[in-house]
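Residue numbers (my numbering): 300 to 564.
Each remark here refers to the structure printed beneath this line.
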């Protein structure tokens, strides 16, 4: 290994994100949190179903971390109380006749399919159906695979539409299974969109697509970026609110779906 490569590896090790389990006392309550140190400039606090996470710069002093958390005591305790008050998440039961949302509309699971074919169809009563073969062993896994294929067939056309509006080349489109983000964009690897977006109404999917396509022009969340988003999707503020509300209502089909997705990217 050359000297430059060795130095590069050592530098990457020094700046690689590090996580550790920590604990503090707020308002007389013990609060556990994950402290994540990385090459960032600001401190941030996040609370979700997985717990509390505090993100800080690599060399941020412990005393400063404690002060930062203390200044958000009431907000943090309120968030934790709200999470504790939520009803328990009930996994989706992939049984014959069960309904799930598909592009914002009800879709029914039909386990009466013949042979090995997995098919989408409109049933005689007008509702969309997914037909799975009778012999399907793991219906939840088969349902997830079918939804992923449907998503991967539909998303690229929406990305192409918004790229056309922005006047930029269409990147590669892949699926994501991220726990907290609906999408991501990279000039090298293209755009990734969460497969669970396929549950949502097309207008909300389009907002996420517009958001990620806007990153092809602005790889940040600056005012210029939001100006690009607005040019592509004028009603983005309302869509953003609706997206966050809808995230908590999606069916829990796959392992890890229990955590509501909260961020576009």
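Heads up, the beta-carbon is just placed ideally off N, CA and C, and yes, glycines get one too.
Any C-beta of chain C under 8 angstroms from that of residue i
| i | result |
| --- | --- |
| residue 452 | Considering every chain present, this structure includes no chain C. It has just one protein chain. |
Limits of the beta strand (DSSP E) - the one that residue i falls within
| i | result |
| --- | --- |
| residue 341 | No beta strand (DSSP E) contains residue 341, which DSSP labels as neither H nor E. |
| residue 410 | 404 to 412 |
| residue 400 | 398 to 401 |
Enclosing alpha helix (DSSP H) for residue i [first to last residue]
| i | result |
| --- | --- |
| residue 378 | 372 to 384 |
| residue 522 | 522 to 531 |
Proximity of residue i and residue j at Cβ, strictly below 8 angstroms
| i | j | result |
| --- | --- | --- |
| residue 454 | residue 509 | no |
| residue 552 | residue 493 | no |
| residue 382 | residue 344 | no |
| residue 346 | residue 353 | no |
| residue 335 | residue 316 | yes |
| residue 515 | residue 549 | no |
| residue 411 | residue 430 | yes |
| residue 442 | residue 474 | no |
| residue 457 | residue 427 | no |
| residue 356 | residue 339 | yes |
| residue 499 | residue 537 | no |
| residue 372 | residue 478 | no |
| residue 350 | residue 323 | no |
| residue 501 | residue 402 | yes |
| residue 506 | residue 480 | no |
| residue 469 | residue 459 | yes |
| residue 517 | residue 523 | yes |
Residue nearest to residue i in terms of C-alpha spacing, selected from the options
| i | options | result |
| --- | --- | --- |
| residue 503 | 535, 530, 373 and 338 | 535 |
| residue 327 | 544, 369, 409 and 465 | 369 |
| residue 563 | 420, 519, 466 and 414 | 519 |
| residue 399 | 497, 529 and 488 | 497 |
| residue 476 | 490, 324 and 424 | 490 |
| residue 512 | 539, 541, 482 and 522 | 482 |
| residue 435 | 423, 448, 318 and 417 | 417 |
| residue 407 | 445, 486, 487 and 505 | 445 |
| residue 433 | 395, 440 and 419 | 395 |
| residue 437 | 471, 392 and 469 | 392 |
| residue 384 | 467, 523 and 348 | 348 |
| residue 341 | 439, 367, 517 and 325 | 367 |
| residue 377 | 325, 420, 523 and 487 | 325 |
| residue 463 | 320, 389, 531 and 440 | 531 |
beta-carbon residue i near the ligand HEM non-hydrogen atom, thresh 7 angstroms
| i | result |
| --- | --- |
| residue 479 | The ligand HEM is not part of this structure, which contains no ligands at all. |
Three-way DSSP call (helix, strand, coil) for residue i in this model
| i | result |
| --- | --- |
| residue 559 | coil |
| residue 504 | helix |
| residue 318 | strand |
| residue 331 | strand |
| residue 390 | coil |
| residue 310 | Note that residue 310 scores 48 on pLDDT, short of 50, meaning its location in the model is unreliable; the coordinates nonetheless yield the value given after this. Here residue 310 sits in helix by DSSP. |
| residue 542 | helix |
| residue 551 | coil |
| residue 415 | coil |
| residue 348 | coil |
| residue 509 | helix |
| residue 516 | coil |
Let me know the beta strand (DSSP E) ranges lying completely inside the segment 422 to 500, each 3 residues or longer, listed in chain order.
-> If we require 3 residues or more, the beta strand (DSSP E) runs fully inside the segment 422 to 500 come out as 427 to 432, 472 to 475, 482 to 485 and 489 to 493.
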